[in-house]
Amino acid sequence: MILNNKWVPEVPRPELTDEAFEKFIKVWIEKEYPDDCEGIPAEETGLYEALLSDWKGSDELMAEDLIKCYGWSYAEAKEFEEKSLSFAINKKEREMFQQWVAENGYTLPFPTGSRVKIDTWRGAVYGVIAQNQGEYFSTKGQAVVNLDIENAIVTYSGTVLDQRAFPWEMLELVEEQNETL
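Numbering (the UniProt record's numbering), first residue to last: 1 to 181.
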């Protein structure tokens with residue numbers, strides 16, 4: 001449904017938070033640390049409690065916390081880092097988004113070529129919905145947007161990154177502005 005030029009899904013985008021996150025962590029620990037779960041449920045391991053209370057989205061930061069706050073050795077923390085919980089979380093979220101799009105029959109809410117505004121933590125950016133909406137993005141409820149040049153990112157090597165993917169809910173349809181020089 002379009003409300004105030006923004007797409008609002010009838011079924012909200014799923015999130016891996018609270019109870020769903022707890023279930024995911026339990027399954028992840030059982031898979032990655034089976035020896036620690038012999039004889040006790042994953043929910044009773046120290047790692048489970050540590051992840052629920054201290055996870056900040058970074059394997060490296062969590063490894064540091066495991067050393068500083070939970071008495072893990074450097075080798076144990078490095079092993080945790082290499083198991084890449086953040087990658088597993090991203091993969092699970094992508095699966096959830098794909099299922100959400102498929103189950104609800106969602107498609108790109110605005111036509112390609114539409115001018116859109118996206119509110120980001122750095123402020124509003126503007127661009128045009130790109131023609132190359134590949135399966136990778138559309139099945140996850142994201143749109144590829146060609147950003148206006150002033151919103152593009154220029155790398156140290158001079159490459160201009162003027163195309164980004166945004167969740168459909170972030171797109172706001174805007175009127176084309178007639179610019180006079």
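We put the CB at the ideal spot given by N, CA and C, even for glycine.
Cβ-based burial, residue i [other Cβ within 10 Å; buried from 16]
i, result
"A130", "buried"
"R94", "exposed"
"I25", "buried"
"E175", "exposed"
"L51", "buried"
"Y106", "buried"
"W7", "buried"
"A75", "exposed"
Endpoints, alpha helix (DSSP H) assigned at residue i
i, result
"V27", "D18 to E32"
"F137", "E135 to S138"
"A165", "Per DSSP, A165 belongs to no alpha helix (DSSP H); it is in the beta strand (DSSP E), Q163 to P167."
"S53", "G46 to D54"
"I67", "D59 to Y70"
Same chain only: Cβ atoms within 7 Å of residue i, ignoring 5 sequence neighbours per side
i, result
"E81", "D59, E60 and A63"
"W72", "L66"
"Y70", "G46 and A50"
Identity of the residues DSSP links to residue i by a beta bridge
i, result
"T120", "G123"
"K6", "L3 and E172"
"F87", "BP columns for F87 are empty, so no partner."
"I129", "V145"
"R115", "V128"
"I153", "L161"
Own chain, CB closer than 8 Å to residue i, minus 5 neighbours either side, in chain order
i, result
"G123", "none"
"K140", "R94, F97, Q98 and V101"
"W28", "L85 and A88"
"V145", "V116, I118, G127, V128, I129, A130, Q163, R164, A165, F166 and L171"
"E10", "M1 and N104"
Cβ neighbours of residue i in the same chain (closer than 6 Å, five flanking residues each side left out)
i, result
"D148", "Y126 and G127"
"L3", "none"
Query raised in the report: Quick check: the region 77 to 96 against the region 54 to 63, are there 3 or more CB pairs under 8 Å?
Result: Touching, yes, given that three or more Cβ pairs across the two stretches are closer than 8 Å.
Query - Cβ contact check for the region 32 to 49 and the region 151 to 159: 3 or more pairs under 8 Å - result: no
Query raised in the report: Between the region 160 to 173 and the region 108 to 119, do at least 3 Cβ pairs fall closer than 8 Å?
Result: yes
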